[in-house]
Amino acid sequence: MWNEFESPQSVQDALVILEKHGGNARVMGGGTDLLMQLKSKRQTVECLVSTGKIASMKEIRLEGEKLVIGGAACAMQVQKDPLVRQYVPMLAQACAKLGAPQIRNAATLAGNVVTAKPAADSAVALTASDAVLEILGPTPRSIPLIDAYAGLMQSAVDSTKEMVVAIEIPLPTGRYGSHFARIASRRAAALPILNAAAALCLDDDGNITKSRVVVGGVGPSPQRLYTLEDMLQGQRGTIDLIEQVCGASPDHVHPRDSIRSSAAARKGLLPGLLKKCLLSSFEMATKKEG
Amino acid sequence: MQKIWSGTINGKKIEKSIEQSMTLLHFLRDELSLLGTKVGCESGDCGACAVIIDKKLFNSCITPAFAVAGCEITTIEGLSENGQLHPIQKALLDTGSFQCGYCMPGMCMALKCAMDAAEHNLTEEEIREAISGNLCRCGSYSLVVEAISLLQEVKKS
Chain A
1 MWNEFESPQS VQDALVILEK HGGNARVMGG GTDLLMQLKS KRQTVECLVS
51 TGKIASMKEI RLEGEKLVIG GAACAMQVQK DPLVRQYVPM LAQACAKLGA
101 PQIRNAATLA GNVVTAKPAA DSAVALTASD AVLEILGPTP RSIPLIDAYA
151 GLMQSAVDST KEMVVAIEIP LPTGRYGSHF ARIASRRAAA LPILNAAAAL
201 CLDDDGNITK SRVVVGGVGP SPQRLYTLED MLQGQRGTID LIEQVCGASP
251 DHVHPRDSIR SSAAARKGLL PGLLKKCLLS SFEMATKKEG
Chain B
291 MQKIWSGTIN GKKIEKSIEQ SMTLLHFLRD ELSLLGTKVG CESGDCGACA
341 VIIDKKLFNS CITPAFAVAG CEITTIEGLS ENGQLHPIQK ALLDTGSFQC
391 GYCMPGMCMA LKCAMDAAEH NLTEEEIREA ISGNLCRCGS YSLVVEAISL
441 LQEVKKS
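These protein sequences, in sequence, are chains A and B.
When we follow this note's numbering, the leftmost residue of the first sequence carries the number 1, and every step to the right adds one.
When we follow this note's numbering, the leftmost residue of the second sequence carries the number 291, and every step to the right adds one.
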């Protein structure tokens, strides 16, 4: 439970409230996950500090070579945003698959990362986007998404004293394509058994200059499959290569049995899911002008 | 600790001192006696408690009341006008869409929200997407789709 509720209108005010409570207050984005934890009485906090009324944290804008998404932007906003759809299509796709409409209207992108669920849809796409969390608090800092997890269900961000004010994504260059896909027991309002995001950059000769292959549901956080990325990197992009990479994928993940799926099923499903992501990325990239 | 909540609910200005720890769902039901909004899973999964806040759909069970202070909130009680059922309610009734009806208030709000936001008639896929966060254990989904499709056809002609 929580005893007090504050909706400050600026980041500065929010940080002052957090400091005043000395570790007994918590930042709340949409609250879709946090409220369930608090209601089940597993946790009690003195004060919830909502980011919902901080207008500057809801902006999505281009800043130099980066796309900057405010920490309080909700999944529905990100899903529909023309800049996100243009530059990071896999992130718009991931947000569109998250929960159900009424969850997407509340759930924030920053919250989806800080709540540290192993297979949070947007976090998988953000990892494949090389996203960086911009954090303000006693020690302002930036951390790459891949380092945003401190363990199973544990975030590297301490919501009792700091907050993710923005998520920055470097703009992809050249012929770029990306795709997100998931497998779940039903289409809406179900946590995924597996989810994945892929991104490819091609040079004018069709060689892969950059690759990202990220999977959720096979570890405590979104996992970058570096070996598969290396198999793609520097090679000429072909459907054969992609099939070869996907075929090798089960050897490079270590999923566990869980209520949603067995480890063996996850391994079995992975090549097909990755093929969908990589082929779509490849197709999108080849269509783009250099 | 109590604080004054102020905002608009079903077109009426409301000011009331309530506990800051209250969810919107319990504020509506226990403080304002608006019992049309249903208590379902209370974990954001079933949509029985869905309401419209500033033209967007939210689950009131996982929304702290004070997170939406100052907003314009519409519950199922705010759908009818002059004692007449809203066309969505009427269409669902005419099609016999529901059995137990427990999920119906949430479904109505989800459908209203999606239909108001769209500039065109909703396709079947869009109707299904609109109610994808609303569980109906009687399995009325296809009848809901039928009701809304019929309603849109009537509106067009």
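Think of the CB as a built atom: it goes at the ideal place given N, C-alpha and C, for glycine as much as any other residue.
Checklist entry - Alpha carbon to alpha carbon, how far is G216 of chain A from N112 of chain A? => result One-based indexing of the first sequence puts residue 216 of chain A at position 216. One-based indexing of the first sequence puts residue 112 of chain A at position 112. Using only the alpha carbons, I get a separation of about 13 Å.
> Of all the CB atoms in chain A, is at least one closer than 8 Å to the CB of S296 of chain B?
Replying inline: The sequence position of residue 296 of chain B within the second sequence is 6, counting from 1. Cβ-Cβ to chain A under 8 Å: no for S296 of chain B.
Span of the beta strand (DSSP E) around T209 of chain A
As a first step, residue 209 of chain A must be located in the first sequence, where it is residue number 209. Unbroken beta strand (DSSP E) run through T209 of chain A: I208 to G216.
By the criterion of Cβ-Cβ separation under 8 Å, what are the contact partners of G31 of chain A in chain B?
-> Residue numbering aside, residue 31 of chain A sits at position 31 when the first sequence is read from its first letter. Simply I352, T353, P354 and A357.
How about the stretch 407–426 of chain B and the stretch 366–382 of chain B: do they share at least three Cβ pairs that are nearer than 8 Å?
The stretch 407–426 of chain B makes no contact with the stretch 366–382 of chain B; the number of CB pairs closer than 8 Å stays below 3.
| task | Give, in chain order, every unbroken run of the beta strand (DSSP E) that is at least 3 residues long and sits entirely within the stretch 55–91 of chain A. | result | Those beta strand (DSSP E) runs which fall completely within the stretch 55–91 of chain A and span 3+ residues are 60–63 and 66–70.
Can you list, in chain order, the residues of the stretch 323–336 of chain B whose Cβ is nearer than 9 Å to any Cβ on chain C? The chain inventory of the structure shown lacks chain C, comprising the protein chains A and B.
> Going along chain A, which residues have a C-beta under 7 Å from A420 of chain B?
Replying inline: In the second sequence, counting from the first residue as 1, residue 420 of chain B sits at position 130. Per Cβ cutoff of 7 Å: P101.
**Segment contact, 8 Å Cβ cut-off, at least three pairs: the stretch 175–189 of chain A with the stretch 90–97 of chain A** = Short answer: they touch.
* Where the alpha helix (DSSP H) containing E276 of chain A begins and where it ends -> For the purposes of this step, residue 276 of chain A is identified with residue 276 of the first sequence, where counting begins at 1. Checking the displayed sequence, the identity of residue 276 of chain A turns out to be Lys instead of Glu. Per DSSP, the unbroken alpha helix (DSSP H) holding K276 of chain A starts and ends at A263 to K287.
Note to self: Given a cut-off of 8 Å on the beta-carbon distance, is the pair K288 of chain A and I242 of chain A in contact?
What the structure shows: Walking along the first sequence from the start, residue 288 of chain A turns up at place 288. Walking along the first sequence from the start, residue 242 of chain A turns up at place 242. Between K288 of chain A and I242 of chain A, the gap from beta carbon to beta carbon reaches 8 Å or more.
Practice task
Pull up the distance between the alpha-carbon of A196 of chain A and that of A189 of chain A, whole angstroms please.
Solution key: For the purposes of this step, residue 196 of chain A is identified with residue 196 of the first sequence, where counting begins at 1. For the purposes of this step, residue 189 of chain A is identified with residue 189 of the first sequence, where counting begins at 1. Spanning the two alpha carbons is a distance of roughly 17 Å.
- prompt: Taking any Cβ of chain B, which residues in the stretch 34–46 of chain A have a Cβ under 8 Å from it, in chain order?
  reply: Residues of the stretch 34–46 of chain A with a C-beta less than 8 Å from any C-beta of chain B: L35, M36 and K39, listed in chain order.
DSSP three-state label for H179 of chain A, please.
Within the first sequence, the letter at position 179 stands for residue 179 of chain A. In the three-state reduction of the DSSP assignment, H179 of chain A falls in the strand class, which pools E and B.
Review point. Are the C-beta of K346 of chain B and some C-beta of chain A separated by less than 8 Å?
Key: For the purposes of this step, residue 346 of chain B is identified with residue 56 of the second sequence, where counting begins at 1. Yes, because at least one Cβ of chain A sits closer than 8 Å to the Cβ of K346 of chain B.
- prompt: Nearest to A285 of chain A by alpha carbon, out of A:M57, A:D204 and A:G22?
  reply: As a position in the first sequence, residue 285 of chain A is number 285, starting the count at 1. Closest by alpha carbon: A:D204.
Problem set entry | Straight-line Cα distance separating E305 of chain B from I259 of chain A | For the purposes of this step, residue 259 of chain A is identified with residue 259 of the first sequence, where counting begins at 1. For the purposes of this step, residue 305 of chain B is identified with residue 15 of the second sequence, where counting begins at 1. Roughly 45 Å separates the two Cα atoms.
Practice problem: Compute the distance between the beta-carbons of L35 of chain A and L62 of chain A, then report whether it is under 8 Å. | Solution: Translated into positions along the first sequence, residue 35 of chain A becomes position 35. Translated into positions along the first sequence, residue 62 of chain A becomes position 62. Taking 8 Å as the Cβ cut-off, L35 of chain A and L62 of chain A do not qualify as a contacting pair.
Handout entry: Cβ of A106 of chain A within 8 Å of any chain B Cβ
Key = As a first step, residue 106 of chain A is located in the first sequence; it is residue number 106 there, counting from the start. Against chain B, the CB of A106 of chain A has a partner CB under 8 Å away; the residue lies at that interface.
For R224 of chain A: DSSP bridge partner residues:
For the purposes of this step, residue 224 of chain A is taken as residue 224 along the first sequence, with counting starting at 1. Secondary-structure assignment with DSSP links R224 of chain A through a beta bridge to A:V214.
When we look at the beta-carbon of I294 of chain B and count the other beta-carbons within 10 Å, is it buried (16 or more) or exposed?
-> The sequence position of residue 294 of chain B within the second sequence is 4, counting from 1. Exposed, since its Cβ has fewer than 16 Cβ neighbours within 10 Å.
Next on the checklist: Less than 8 Å between CB atoms is the rule here; does M1 of chain A satisfy it with respect to chain B?
Outcome noted: Counting from one through the first sequence, the residue named residue 1 of chain A turns up at place 1. M1 of chain A counts as touching chain B.
_What are the residues in the stretch 180–191 of chain A lying within 7 Å of chain B by C-beta distance?_
Those would be R187, A188 and A189, in chain order.
As a quick exercise: from A:Q37, A:V16 and A:S56, pick the residue whose alpha carbon is nearest that of M115 of chain A. Along the first sequence, one-based indexing puts residue 115 of chain A at 115. One point to set straight first is that residue 115 of chain A is Thr, not Met, in the sequence displayed. If we check each option's Cα against that of T115 of chain A, A:Q37 comes out closest.
Problem set entry | For A265 of chain A and V124 of chain A, the rounded distance between their alpha carbons | In the first sequence, counting from the first residue as 1, residue 124 of chain A sits at position 124. In the first sequence, counting from the first residue as 1, residue 265 of chain A sits at position 265. So the two alpha carbons sit approximately 20 Å from each other.
_Mapping the DSSP letters down to three states, classify T127 of chain A as helix, strand or coil._
For the purposes of this step, residue 127 of chain A is taken as residue 127 along the first sequence, with counting starting at 1. T127 of chain A sits in a helix when the DSSP states are folded into three classes.
| Rounded distance between the beta-carbons of G71 of chain A and V132 of chain A, thought under 8 Å | Looking up residue 132 of chain A in the first sequence gives position 132. Looking up residue 71 of chain A in the first sequence gives position 71. Wrong, their Cβ atoms sit about 12 Å apart, outside the cutoff.
Among B:G334, B:S323, B:I363 and B:S307, which one has its Cα closest to the Cα of K346 of chain B?
Within the second sequence, residue 346 of chain B is the residue found at index 56, counting from 1. A check of alpha carbon separations from K346 of chain B across B:G334, B:S323, B:I363 and B:S307 identifies B:I363 as the nearest.
Quick test of your reading: T32 of chain A and A106 of chain A, contact by CB under 8 Å. State the CB separation rounded to the nearest angstrom. Within the first sequence, the letter at position 32 stands for residue 32 of chain A. Within the first sequence, the letter at position 106 stands for residue 106 of chain A. 5 Å between Cβ atoms; contact.
request  = Identify the contact partners of G368 of chain B in chain A, using a Cβ-Cβ distance below 8 Å as the criterion.
outcome  = Position 78 of the second sequence, counted from the start, is the residue given in the question as residue 368 of chain B. Scanning chain A for C-beta atoms nearer than 8 Å to the C-beta of G368 of chain B yields nothing, as the closest lies near 17 Å away.
Can you tell me whether Q292 of chain B is helix, strand or coil according to DSSP? To locate residue 292 of chain B, count along the second sequence from 1; it is residue 2. Q292 of chain B: strand per DSSP, three-state reduction.
**Asked** Any beta-carbon of chain B closer than 8 Å to the one on F282 of chain A?
**Response** Position 282 of the first sequence, counted from the start, is the residue given in the question as residue 282 of chain A. The beta carbon of F282 of chain A does not come within 8 Å of any beta carbon belonging to chain B, so the residue lies off that interface.
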